[in-house]
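Structure first, then comments.
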Amino acid sequence: MTFDPAALVEHKKAEFSSLLDNLRNENAFQSYLEQETYHLPTPVLLNHDVLFGSIFSKVHLHHNRRITDYSYATKSSDEFRLCHVELEDPKKAIFRTAKTFWSAILIFYRRSIR
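Okay, so the sequence shown: first residue is 0 according to numbering that gives the first Met the number 0, each after it adds one.
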């Protein structure tokens, strides 16, 4: 059996697209992202990418009143940053109608994987 990278990419695109179209809730989406980490948005990256390639799920902040969907650390030679990310339901209007720059970027990203 030979490895076909193009077929794998097409399979993963179809899988991700199907997930977005049939999503039941944010937790299902987060579970998928935890398994397929290359889809994780990493909006704040420094020179050395995600530190140790580690993503932390459900980080408790502020005496457990706030819980992130995931967090990661990134660094450059002289700086570390910790980024906390909150996922939202992809059926929300911000992902469907381009009223802001960022929602336009999200829509573009979603369409580019189809």
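No residue lacks a Cβ here, since even glycine has one placed at the ideal position from N, Cα and C.
From a predicted model like this one, the values you see are computed outputs, not experimental measurements.
Next item on the list: Could you say if the segment 13 to 27 and the segment 40 to 53 meet the contact criterion of at least three C-beta pairs nearer than 8 Å?
Entry: In short, these stretches do not touch, since the Cβ pair count stays below three.
Notebook entry, point to check: What span of residues does the beta strand (DSSP E) with Phe51 cover, start to end?
Noted result: Segment 49 to 56, the beta strand (DSSP E) holding Phe51.
Check: What whole-angstrom Cβ distance do Ser75 and Val84 have, given they're in contact under 8 Å?
Finding: The Cβ separation is near 20 Å, so there is no contact.
Margin query: Less than 8 Å between C-beta atoms, sequence neighbours within five positions excluded: which residues of the same chain meet that for Pro40?
Written below: Excluding positions up to five away in sequence, the list reads Val84.
Notebook entry, point to check: Between the Cα of Leu116 and the Cα atoms of Lys11, Arg80, Val43, which residue gives the shortest distance?
Noted result: Here the chain comprises residues numbered 0 to 113, so residue 116 is not present and cannot be evaluated.
Next item on the list: Give me the Cα-Cα distance between Ile66 and Leu86, rounded to the nearest whole angstrom.
Entry: Going by the C-alpha atoms only, they are around 11 Å apart.
Item checked: First through last residue of the alpha helix (DSSP H) which encompasses Ser16 -> Here the alpha helix (DSSP H) through Ser16 covers 4 to 20.
Next item on the list: Output the distance between the C-alpha atoms of His61 and Leu81, rounded to the nearest integer angstrom.
Entry: For His61 and Leu81, the distance between alpha carbons rounds to 15 Å.
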